Amino acid sequence: MSDASADSLPHMPDVVADPRRHGLWDDLFAGVTGTALVALGFHMLQRGGLAIGGTAGLSLLIHYATHLPLGVLFFLVNLPFYVFSYLAVGRAFTLRTFVAVTVLSGEAMLLPKLMSFGTIEPIFAAGMGGLLVGVGLLVLMRHRSSLGGFGILAFYLQETRGWSAGKVQMALDCVVVALAFFVLDPITIAISVFGAVVLNLVLALNHKPGRYVGF
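Residue numbers for the sequence shown, in the UniProt record's numbering: 1 to 215.
Structure representation (structure tokens):
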């Protein structure tokens, strides 16, 4: 075939995958990594006798007050957020969140069978637990997922309003920790606030709008 004939053929552009886009295996590994870190962080906070932010903490406080099953309360508290997520954020994000919550539930049940803490200082539990939960949530958020509840609202406000997800999460978590005054002593609550601040500083400093380009 002559060069002229070759030049006359229509040009077929090369199809190049966007290097920023996460693949299926990326999302799966991130889901396992993020939820495992969160499960370990929650375990440390609970062993330290501390309050927990988010809908998990809210469910725990309602459980203390009403003695209703914690699993049922956690499901009911998160239900409105799933509906909001589906309507406002989309089916894909909602599905990823549902899967992440399910995996975390399994890891949380398995973790006490694999490890235990003889003693753990509450301040250390708050700081290290907050770091682990914060990094775990950061991993999930960067793969367009969350652990339900306030995380959905924080993600939505960041995507639509440009508000920092970490700051939104911090404000809501502090409200939950404040409610703990009804069931915990002031010193334990103060330590819990420290853990909540550490957790949300991880998000506020590392998940700002436009900083991370992967999707």
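The C-beta atom is built at its ideal place from N, Cα and C for all residues, glycine as well. Predicted, not measured: the structure shown is a model, and the values here were computed from it.
Starting from the Cα of alanine 51, find the closest Cα among Asn206, Leu203, Val175 and give me that residue. It is Val175 whose Cα lies nearest to the Cα of alanine 51.
List the whole-angstrom C-beta distance separating threonine 55 from phenylalanine 150, where the pair is believed to meet the contact cut-off of C-beta under 8 Å. The Cβ separation is near 6 Å, so the contact holds.
Would glycine 134 and leucine 199 be called neighbours here (beta carbons separated by less than 8 Å)? The answer is yes: Cβ separation under 8 Å.
Pair every Cβ in the region 189-197 with every Cβ in the region 152-163, then say whether three or more of these pairs are closer than 8 Å. Taking a cut-off of 8 Å on C-beta distances, the region 189-197 does not touch the region 152-163, as fewer than three cross pairs fall below it.
Do three or more CB pairs link the region 80-92 to the region 116-125 at distances below 8 Å? Short answer: they don't touch.
At which residue ranges does the region 57-144 contain complete alpha helix (DSSP H) runs of 4 or more residues, listed in the order of the chain? Runs found: 70-88, 91-114, 122-141.
Please classify serine 2: is it buried, with 16 or more other beta-carbons within 10 angstroms of its beta-carbon, or exposed? With a pLDDT of 44 at serine 2, under the threshold of 50, the predicted position of this residue should be treated as unreliable, and no value is reported.
Residues of its chain near leucine 132, where Cβ-Cβ distance is below 8 Å and the 5 sequence neighbours each way are ignored: Cβ neighbours of leucine 132 beyond the five flanking positions: Leu37, Val38, Leu40, Gly41, Met44.
Exposure label - histidine 11; buried when at least 16 CB within 10 Å: Model confidence at histidine 11 stands at a pLDDT of 48, short of 50, so the residue's coordinates are unreliable; what they give is reported in the following sentence. Around the beta-carbon of histidine 11, fewer than 16 other beta-carbon atoms lie within 10 Å, marking it exposed.
Could you give the residue range of the alpha helix (DSSP H) that holds proline 171? Here residue 171 turns out to be alanine, not proline, going by the sequence shown. Judged by DSSP secondary structure, alanine 171 falls within the alpha helix (DSSP H) whose first and last residues are 165-179.
Mind checking whether serine 85 and phenylalanine 93 have CB atoms under 8 Å apart? Taking the C-beta atoms as reference points, phenylalanine 93 is found nearer than 8 Å to serine 85.
Just the Cα atoms here: how many angstroms apart are leucine 172 and lysine 113? Rounded to whole angstroms, leucine 172 to lysine 113 spans 32 Å at the Cα level.
Distance CB(alanine 30)-CB(valine 177) smaller than 8 Å: Cβ distance not < 8 Å, so alanine 30 and valine 177 don't count as in contact.
By the DSSP assignment, the alpha helix (DSSP H) with leucine 203 in it spans what residues? It spans 186-206 - the alpha helix (DSSP H) in which leucine 203 sits, taken as one unbroken run.
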